[in-house]
Amino acid sequence: MAFEVEIERYNELLPELLQDNNGKFVVIKGRELLGVFDSNDDAYEAGLNQYGLTGFLLRPVREKQQVMSLPALQLGILHGRI
Amino acid sequence: MAEYNFPHLGLDGSDLLEETGPLVSVEITVPLKLKRFLEEQGLAPYSTRSGFALIDTGAGGSAIDDSVFAEMEIPSVDSAFTRTPHGLAPSLVYNASASFPSLGLFEIPLHRVLGCDIRNLTDAGQDIIMLLGRDILRDLVMVYDGPRSNVTIRR
Numbered sequence: 005m006a007f008e009v010e011i012e013r014y015n016e017l018l019p020e021l022l023q024d025n026n027g028k029f030v031v032i033k034g035r036e037l038l039g040v041f042d043s044n045d046d047a048y049e050a051g052l053n054q055y056g057l058t059g060f061l062l063r064p065v066r067e068k069q070q071v072m073s074l075p076a077l078q079l080g081i082l083h084g085r086i
Numbered sequence: 005m006a007e008y009n010f011p012h013l014g015l016d017g018s019d020l021l022e023e024t025g026p027l028v029s030v031e032i033t034v035p036l037k038l039k040r041f042l043e044e045q046g047l048a049p050y051s052t053r054s055g056f057a058l059i060d061t062g063a064g065g066s067a068i069d070d071s072v073f074a075e076m077e078i079p080s081v082d083s084a085f086t087r088t089p090h091g092l093a094p095s096l097v098y099n100a101s102a103s104f105p106s107l108g109l110f111e112i113p114l115h116r117v118l119g120c121d122i123r124n125l126t127d128a129g130q131d132i133i134m135l136l137g138r139d140i141l142r143d144l145v146m147v148y149d150g151p152r153s154n155v156t157i158r159r
């Protein structure tokens, strides 16, 4: 799974992050937390400046991550033919 | 409110709306911050990928075909679970930007858009590369006029 190390680190840090940073955004690369940012744009810019295009985790701080629902994809309707 | 009409008719006047679903043209590009980063680094700017977005009122969030990100070399920023017929499965999450020129909407930030296998070519040759979900529809009014094979969008 992509970002396995980063997500594991995020989950370790989450209880502490939720205390003061709920709704903010974190950037993590490997096990390194680059920082906590007020906006997605600020976090993305900081991640780019630090890590360039090598990839980094940018995730909102919240108790549970959203599970996405795309019924057309889920039910196979999108590629279906009558 | 500005109003835009999208007739879904074949060259012979046949009804295409029922077959394809509501489509609008879309251009996918990199987010503004990445564009600025590339300029500052003296790197080549990314190109734009054009195609069609299928309006999907059932989709909680928008999604773009994985191949678009691969072609444009946009790095993913997260992994999120999506519901599939086999249970939850991880999908990559990207930061991108979308323009809908036919709606007069340009460079809408898509901070957390899913990458999924959604690319589909309609019989009329329209390359569907995006599912336009409720995260974008929340700012629009759409009228699906089946009898006239027309979609009206107000914003």
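Chains as they are written, first to last, in the working numbering: chain A, 5 to 86; chain B, 5 to 159.
Where a beta carbon is used, it is the ideal one built from N, C-alpha and C, also for glycine.
Computed from a prediction, not measured in an experiment: that's the story for all the values here.
Under the Cβ distance rule, glycine 27 of chain A does not count among the residues neighbouring chain B, no pair being separated by less than 7 Å. Residues of the segment 72-90 of chain B that bring their beta carbon within less than 7 Å of a beta carbon in chain A comprise Pro79, Ser80, Val81, Asp82, Ser83, Ala84, Phe85, Thr86, Arg87, Thr88 and Pro89, in sequence order. Three or more beta-carbon pairs drawn from the segment 56-72 of chain B and the segment 129-146 of chain B are found closer than 8 Å, and the two stretches are therefore classed as touching. Taking phenylalanine 41 of chain A as reference, the option from A/Ala50, A/Gln70 and A/Gln23 with the minimal CA-CA separation is A/Ala50. Assigned with DSSP and collapsed to three states, isoleucine 59 of chain B falls in strand. Short of 8 Å from the beta carbon of serine 83 of chain B, and not among the five residues preceding or following it, lie these beta carbons of its own chain, in chain order: Pro94, Ser95, Leu96 and Val97.
For phenylalanine 41 of chain B, the enclosing alpha helix (DSSP H) begins and ends at 36-45. Where aspartate 149 of chain B is concerned, the enclosing beta strand (DSSP E) starts and stops at 145-149.
Following the DSSP letters along the chain, one finds phenylalanine 73 of chain B inside the alpha helix (DSSP H) bounded by residues 70-76.
Burial is judged here by how many other beta carbons sit within 10 angstroms of a residue's own beta carbon; methionine 5 of chain B has fewer than 16 and is exposed.
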